Every structure is written in C-alpha cells, then in structure tokens.
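A.B. asks: Below are the structure tokens for one structure; questions will follow.
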Amino acid sequence: MRASRWPTVDLAPDGGPWDGMIPHSMPTHSESSQAVASRSATPSPEVQRSLLVDMLRVRCVDQRMLKLQRAGRIGFVGTALGLEAALVGAGRALEPRDWLWSGLREGGAALARGMPLADYIAQMYCNANDTAKGRQMCNHFQHKGTNYPSWSSVIGTQVPHGVGAAYATKLRGGGEVHSIHFGDGATSSNGFHSGLNLAAVWKVPAVFVCVDNGWAISVPSSAQTAAAGFAAKAEAYGIPGVTLDGNDVLAVLGGVSAAVARARRGEGPTLVVLKTYRMLGHSSSDDPTKYRDQAEVDAWAKRDPVELFEALLLSQGVLQAGERAAMEARLFAELDLEIHTQEAAPPMALRTLVEDVYADVPRHLRQQYNRFITVAERLGHAQKGDGAFPL
Ligand SMILES: Cc1ncc(C[n+]2csc(CCOP(=O)(O)OP(=O)(O)O)c2C)c(N)n1
Ligand SMILES: [Mg+2]
C-alpha cells in the first residue's frame, strides 16, 4: 500500500496498540492513520462497573423488546445483541452537552447517555407518553434532554443533518461535539459522501461513527465496498479514519473519546469505524438464516462483548463472581416495572394528528379531522373522547 499523505493522528497517546483479533472477512488497515486502533488510559473501577451495567441494560432491553414483539404487544424491534460495547462505549464518550445523531440501533447509546427508560418504552408502544406522538414507527427514538434528535428510517440522512448542526455549532462558537452514527450499509448513501465532504471542508466539530456490524440487512460488509475497509474512505475527504475493535468497550470508549476531544479542539472530524457483529436478524421481521452461515455467527459469539468485559473485570478484581447476575436482576426489575406502566398508558389521542403544525388548528384541518372521526367512530376505531370535543 502506498504511503498516506495524510498525517497520522494519535488518538490514544497513553495507550498501547490494540492487538485483538477481528474475525471478519473485511481486511483491516495495518498502515497509515487508518490503522490507529488503541486503548486509552483505563477508567476507574467505578466507571468500568457502570459501563458493564450500561451494556447489560442494552442487552436486557433488547431481550424484553423482542419478547414483547413476538407476543404481539409491540410492532417492531431493531436488534442490538452483540453491539453493546459499540453502543455504550461510543455513547459514554460524549459529554451531556454533545449531540447524538443516529440510525436504527443507537437506542442503547441514548440510554447510556441518560435517555429515560420510560421514554424509550413509551416510544416502543407509541402510547400517550411517546414523545414522537405516535408519528414515528416504534423503535425510532428521540430525547430532547440529552440532545438526541428523532431519526429517520431513510438510510444515511442523519449524516448531513448532523453535519449541518455541527456547522451551526461552529458558527455560534459553542463547544459541543456532534457524534454522527450510521452503519456499514449507510456508507453507500449520498448522505455519507456529501456529509463527510462538507464536514471536512468546513472542519466542523463532528465524529463519524460507522458501526460496521458485518451486514446491511442481507448484504455483507465485504460486498458493500471495493475499498480496503470503511476507514479508508476518510482519506478521500482529507480526514483521519481509524478502525477500532467494536466488541471491546474500553477500546471504543478510548478511541471515540479521543476523536471527540480532537473535534472539540477545533481540529475537525474523524471517521471511526467500530468493527462488530449483528448477532440476530436485521430486525424482528428478518430471518438471517436465509442469507448467512451459522459458522460466522458462532465465531463472533466467542467474542461476545459482554462476556469479554465481564471476564476482564473479574480477572482484575473489579467485579466479583455472581455480581453480573445481581446487576441483571436489578435491571430486569426496573425494566419490567416500566413495561407494565407504559403498557397500561392510553394510546396517543387521535386529535394530535392535526396539532402542532399551526398555533391554532385551521378550519380546513378541523373539517378533515371531524370527518375522520365520524368514519373512525362508525368503524369502531375512535378512542373514547375523540368525538366528544370536535375540533
Ligand atoms: C435510502 C434507504 N434505502 C434502503 C433502505 C432499506 N434499509 C433499511 S435498513 C437497511 C440496511 C442498513 O444497513 P447498515 O447501514 O449497515 O445499518 P444496520 O442496519 O446494519 O445497523 C436498508 C438497506 C432504507 N431504509 N433507506
Ligand atoms: Mg450494518
């Protein structure tokens, strides 16, 4: 490989090189700035334990949501099994003032940043507490308090949105960083190219987090690009690109934190690729056995991010035997309580269909709404009270 003209960026000055195995068909970079994959200084025992709790929460939530979906109580789940280190490590690398721009699987990163479980589950039920007011498909989260804008199903659109917001931050002179997450498949979208190009030209305070989980529905990462990995794409835009072990939460936290710090110093964006694996189907509607070999899944199961981190903490005496089970029991108790609360909440009022666009609902929308309610009542779909207050 020819030498890179781009400067090597030391993203972890106090850590040794990462030398873990990446059991994936995509080549990884062993030269140039793209090869920088390292650990930063080890966080305190308390922080490490909290990282494990956050990872376990993602796993418990994923398990429960899939069960609810299979029982027909919620409509759709974008699975996160296997991605816990990538989600939590990248989420925890941000400060509260920073912004998270995401796609389907970043709900766990949002939880790790403080999005309340109540808001998360209300959105899964699209009930009266859903802050998206039922206007999004479930599993499409947002949370104002932690700077987590509502995301779009349209692949890659969050990239230019996040870049625009990062440019606004730069113009206003704020110190916040915009972490823009997307998958391996999204690197083929227009948004990826226009977003990275302008982010680099404008030198905005952004970090691009590409979660390479091996698959874009049924398309493997190896068929997504002819480039030698996704981090190589950074070179075309004149920014550094790094590949990290996405199943090592400390490597993710260290690498993304360094890229965030670089953005905050005004040195511009970095593309960080987290190599990991989507252990389950694309979503609750998908059957991955139709398009991939079990042997590949089994190989990645040996690098389960939760198991790896638990073993590390046990070996260092940061965690005691049996503690993980106790942590999980507490998480499930908290989760189940919230599920019961949200399941009992009423559905979003139908009148919200015509609210929020104008300060006062205009005449033509009132007429449409009243006609709609008449039909809904006739079909038995109207909720109690919907017809009682004609708009
Ligand atoms: C513009 C657009 N094209 C196609 C789709 C259908 N689609 C939904 S998810 C997905 C794959 C995304 O893969 P990736 O970016 O790797 O993210 P992952 O699902 O693996 O997290 C596709 C093609 C879409 N939602 N939007
Ligand atoms: Mg993917």
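Position in the sequence shown (from 1) plus 5 gives the number in this note's numbering. Every residue gets a Cβ at the ideal spot worked out from N, C-alpha and C, and that includes glycine. Only a predicted model underlies this, so the values are computations on that prediction, with no experimental measurement involved.
In the DSSP assignment, what are the bridge partners of Asn132?
C.D. replies: Answer by DSSP bridge pairing, in chain order: Pro352.
A.B. asks: Answer yes or no: do Pro274 and Ala266 have a C-beta to C-beta separation smaller than 8 Å?
C.D. replies: No, these two residues do not count as a Cβ contact at 8 Å.
A.B. asks: Thinking just about the alpha-carbon of each residue, which of Arg297, His369, Val277 and Pro351 is nearest to the one in Ala91?
C.D. replies: Measuring from the Cα of Ala91, the nearest candidate turns out to be Val277.
A.B. asks: Excluding sequence positions up to five away, which residues of its chain have a Cβ less than 6 Å from the Cβ of Ser199?
C.D. replies: Cβ neighbours of Ser199 beyond the five flanking positions: Pro165.
A.B. asks: If you measure from each residue's Cβ to the nearest non-hydrogen atom of ligand 2, which ones come out under 6 Å, in chain order?
C.D. replies: Checking every Cβ against the heavy atoms of ligand 2 under 6 Å gives Gly188, Asp189, Gly190, Asn218, Trp220 and Ala221.
A.B. asks: If you measure between the beta carbons of Gln229 and Gly190, is that distance less than 8 Å?
C.D. replies: Cβ atoms of Gln229 and Gly190: closer than 8 Å.
A.B. asks: Taking 8 Å as the cut-off, decide whether the C-beta atoms of Val209 and Tyr172 are in contact.
C.D. replies: The answer is yes: Cβ separation under 8 Å.
A.B. asks: State yes or no: is the C-beta of Ile160 nearer than 7 Å to some heavy atom of ligand 1?
C.D. replies: For ligand 1, at least one heavy atom lies less than 7 Å from the Cβ of Ile160.
A.B. asks: Between the Cα of Ala54 and the Cα atoms of Ser194, Glu328 and Ser184, which residue gives the shortest distance?
C.D. replies: Sequence check: residue 54 is Arg here, not Ala. Considering only alpha carbons, the answer is Glu328.
A.B. asks: Classify Val209 as helix, strand or coil using the three-state DSSP reduction.
C.D. replies: Three-state DSSP puts Val209 in coil, outside helix and strand.
A.B. asks: Mind checking whether the beta-carbon of Leu285 lies closer than 7 Å to any heavy atom of ligand 1?
C.D. replies: No, since every heavy atom of ligand 1 falls outside the 7 Å radius drawn around the Cβ of Leu285.
A.B. asks: Do Glu343 and Leu122 come within 8 Å of each other at the CB atom, strictly closer than that value?
C.D. replies: Contact flag set, yes.
A.B. asks: Do Arg118 and Gly96 have their C-beta atoms within less than 8 Å of each other?
C.D. replies: Result yes, Cβ atoms of Arg118 and Gly96 sit closer than 8 Å.
A.B. asks: Could you check if Val257 is buried or exposed, using at least 16 other CB atoms within 10 Å of its CB as the buried criterion?
C.D. replies: So Val257 counts as buried.
A.B. asks: Beta-carbon within less than 7 Å of Val261's beta-carbon, same chain only, minus the 5 sequence neighbours each way: which residues are those?
C.D. replies: Hits under 7 Å: Gly94, Ala95, Ala98, Val212, Val214 and Val277.
A.B. asks: Just grab the DSSP bridge partners of Lys280 for me.
C.D. replies: In the DSSP output, where bridge partners are listed per residue, Lys280 has Asp217 and Asp250.
A.B. asks: Does the Cβ of Pro101 have 16 or more other Cβ atoms within 10 Å, making it buried, or fewer, making it exposed?
C.D. replies: When all chains shown are included, Pro101 counts as exposed.
A.B. asks: Got a sec, what are the start and stop residues for the alpha helix (DSSP H) His186 sits in?
C.D. replies: His186 -> not in any alpha helix (DSSP H); beta strand (DSSP E) instead, spanning His183 to Gly188.
A.B. asks: According to the neighbour-count rule (16 or more other Cβ atoms, all chains shown, within 10 Å of its Cβ), is Gln347 buried or exposed?
C.D. replies: Buried is the call here.
A.B. asks: Does the distance between the C-beta of Val82 and the nearest non-hydrogen atom of ligand 1 fall short of 7 Å?
C.D. replies: For ligand 1, not one heavy atom lies less than 7 Å from the Cβ of Val82.
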